[in-house]
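Everything on this sheet refers to the single structure shown next.
Numbering (full-length UniProt numbering), first residue to last: 1 to 721.
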């Protein structure tokens, strides 16, 4: 079953299994030694920083030997842009029969883009660029973006200036197309693609076809599918070739890679490394590096884990579905499910790693798939021996294989690949179902899979909404006789229940979905407490017990340098994580005799007694604050403790005069951390209302006032949707 792999159809992980948990609190000034434990308490958007050697872009492209081809670049934070670039290249190859290559902007010297037109080649360039955070490039495209924008175009800066690069028209003669990936719940929707598009035009390049824009808050896939035929038509016109509209259903699936079974030592056993397999001797890494990053994370000791919620839970009822769940965290009573809610305070010991961090930085943690999910998939794949050693080899039958790159550390066992490196819990994408159909031997199953791959509405209802994974599809369509794919990126989610309807026989059941890295860390906590069997913790024998790969990524979410500057923080739920660090740092300065400005936190959760994070710690700080020169307030909103629901935006409104005074009169800073779609939007709206009601502004003036705060770096958000 496990014979053929495709980078499009199998998500090969190097960063997919990363969740960034919380914000580190630096206990003192940068010049002082950092404390040993780095704490973590919340999941945040992923942002990673690393530096890698850049190979020559020109040498890479010329080595392919094509006078005419398509070159696709991607800037991707979680893998979606890379996936779309690879899919587009495959479509161009199949329908236009034009060769091409997909390039990671982080791996090559992108400044050579200015020299490509001098080569006299008929090459067309495509850019798939995601916008991260507040109008920032993804980490793998940061160097390229900084160069081509001449250091501008971040956040509120549109990057539309004239400079020596525009004067010299460094990209004159280049032709390109572009697709942007973003989320409309964020202020700077698709800012990177839009600014890069405008910049390339200013530099003399010419765009082919319309700019595509995907909205992850609605349907990234739907937006891409609308754009794909438009750009395909534009590319065919550019090269003067006809589009081959022959149905791909009748054509065999030709994967990029083949699986080869080997007998090899050393082999990767689950460790994360950008180079050779890592090994340890008495808990000390033999081939340790002097610096650590996302590609070579530090194996930090898991030293503290404490549950923060008390008796918190969610209830679900599914009257029309069979509720037969074997899950240690779920209680079942007839058609009712009760799922405990939990949040953990976790500390990792950075030891003598030399890793540097500041208050507001994040710690990224690599997680693993559970033993149960690996074995469930293996059963669907009909794999009897998960401990066979394998490696990937380019498939010469695929025209794109010569330039394909696998991110799967090899050689490794199948178990290691499925546990540590492959995203096996993602929702099956629609285009994958067409590939499944090619392997289905039962005519009825084949027909249904083809219908799902063609009918967007049916796919959304039957697969996407029910979050059917690769393993689910394999179990529901048993006539699929080979392993065509393992699908791509998943998001870190909380534990919840979903109704499932069997695609083949229509039977209904309820399934429980676990967050990827959050459930991994919970398994570690339970194992540490002796609550579960050790087999649930996939820890290879050469990695010290309770040591897990982490890295630090820097953040722009910083306290003001002036200690007297007022700070207003809004962070409900796990959004409180960075503000715990902010409060503790400013409190430390107050303890040292320094004057500290107003430090106000607006915090919200459901109940004061069940899910109030760090309640005891905050109450103790408030008591001690009376002895020091610091105006510390923690203003709470508990949505389920009163008949009328109260949220943080309501508390912000109640303190309108103080907030206006802090921000406008005293030039303070305003911070939001948490949900982007609802909470951050509502708080932003309330701030506009304050500018109108207290500041006497009109509606346009209030919006411009907030824009001014953002431009000045005094309105900062770290939000996710």
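The beta-carbon is built from N, C-alpha and C at its ideal position, and this holds for glycine as well.
Straight-line gap, residue i to residue j (C-alpha atoms, nearest Å)
i           : j           : result
residue 757 : residue 572 : Residue 757 lies beyond the residue range present for the chain, which begins at 1 and ends at 721; the question has no answer from this structure.
residue 702 : residue 165 : 37 Å
residue 618 : residue 611 : 14 Å
residue 64  : residue 119 : 14 Å
residue 236 : residue 246 : 15 Å
residue 370 : residue 710 : 42 Å
residue 46  : residue 456 : Low confidence applies here, because residue 46 scores a pLDDT of 28, under 50, leaving its location unreliable; read the following figure in that light. When rounded, the distance between both Cα atoms is 29 Å.
residue 301 : residue 589 : 29 Å
residue 180 : residue 128 : 6 Å
residue 687 : residue 641 : 25 Å
residue 643 : residue 314 : 19 Å
residue 206 : residue 67  : 20 Å
residue 385 : residue 261 : 12 Å
residue 705 : residue 416 : 53 Å
residue 426 : residue 240 : 39 Å
residue 678 : residue 132 : 19 Å
residue 141 : residue 176 : 17 Å
residue 681 : residue 187 : 10 Å
residue 639 : residue 374 : 39 Å
residue 42  : residue 291 : Interpretation of residue 42 is limited by its pLDDT of 34, a score under 50 that renders its predicted location unreliable; no figure is taken from the coordinates.
First through last residue of the alpha helix (DSSP H) which encompasses residue i
i           : result
residue 143 : 142–148
residue 93  : 80–96
residue 693 : 681–693
residue 130 : Careful: residue 130 lies outside any alpha helix (DSSP H), inside the beta strand (DSSP E) at 122–132.
residue 546 : From DSSP, residue 546 is part of no alpha helix (DSSP H); its letter is neither H nor E.
Pair within 8 Å by beta-carbon distance, residue i and residue j
i           : j           : result
residue 75  : residue 148 : no
residue 586 : residue 596 : yes
residue 182 : residue 213 : yes
residue 85  : residue 101 : no
residue 720 : residue 694 : no
residue 652 : residue 602 : yes
residue 554 : residue 361 : yes
residue 355 : residue 58  : no
residue 383 : residue 414 : yes
residue 89  : residue 116 : no
residue 725 : residue 297 : Residue 725 falls outside the range modelled here, since the chain spans only 1 to 721, and no answer is possible.
residue 422 : residue 243 : no
residue 566 : residue 668 : yes
residue 628 : residue 666 : no
Assumed close pair residue i, residue j - CB separation to whole angstroms, cut-off 8 Å
i           : j           : result
residue 178 : residue 197 : 5 Å
residue 379 : residue 428 : Their Cβ separation, rounded to whole angstroms, is 17 Å, which puts residue 379 and residue 428 out of contact at 8 Å.
residue 563 : residue 594 : 6 Å
residue 393 : residue 258 : 5 Å
residue 54  : residue 107 : 7 Å
residue 437 : residue 450 : 5 Å
residue 151 : residue 172 : Contact flag wrong, Cβ pair sits at about 21 Å.
Continuous beta strand (DSSP E) stretch holding residue i: start and end
i           : result
residue 599 : 596–605
residue 362 : 362–366
residue 637 : 630–638
residue 675 : 669–675
residue 261 : 257–262
residue 299 : 298–307
residue 210 : Element bounds for residue 210: n/a, residue is neither H nor E.
residue 195 : Premise fails: residue 195 lies in the alpha helix (DSSP H), 191–202, not in any beta strand (DSSP E).
residue 347 : 344–349
residue 338 : 336–340
residue 394 : 389–394
residue 103 : 100–104
Spatially closest choice to residue i from the options, by CA coordinates
i           : options               : result
residue 174 : 690, 439, 609 and 208 : 208
residue 712 : 111, 624 and 156      : 156
residue 387 : 267, 316 and 436      : 267
residue 584 : 599, 593, 570 and 575 : 599
residue 604 : 168, 637 and 272      : 637
residue 434 : 442, 447, 699 and 364 : 447
residue 135 : 97, 184 and 368       : 184
residue 662 : 685, 691, 674 and 675 : 691
residue 264 : 409, 316 and 616      : 409
residue 93  : 145, 254 and 81       : 254
residue 310 : 439, 143 and 608      : 608
residue 412 : 229, 211, 278 and 628 : 278
residue 568 : 343, 269, 432 and 655 : 655
residue 190 : 201, 211 and 202      : 211
Residue i Cβ short of 7 Å to the ligand ATP heavy atom set
i           : result
residue 659 : This structure lacks the ligand ATP, and indeed carries no ligand of any kind.
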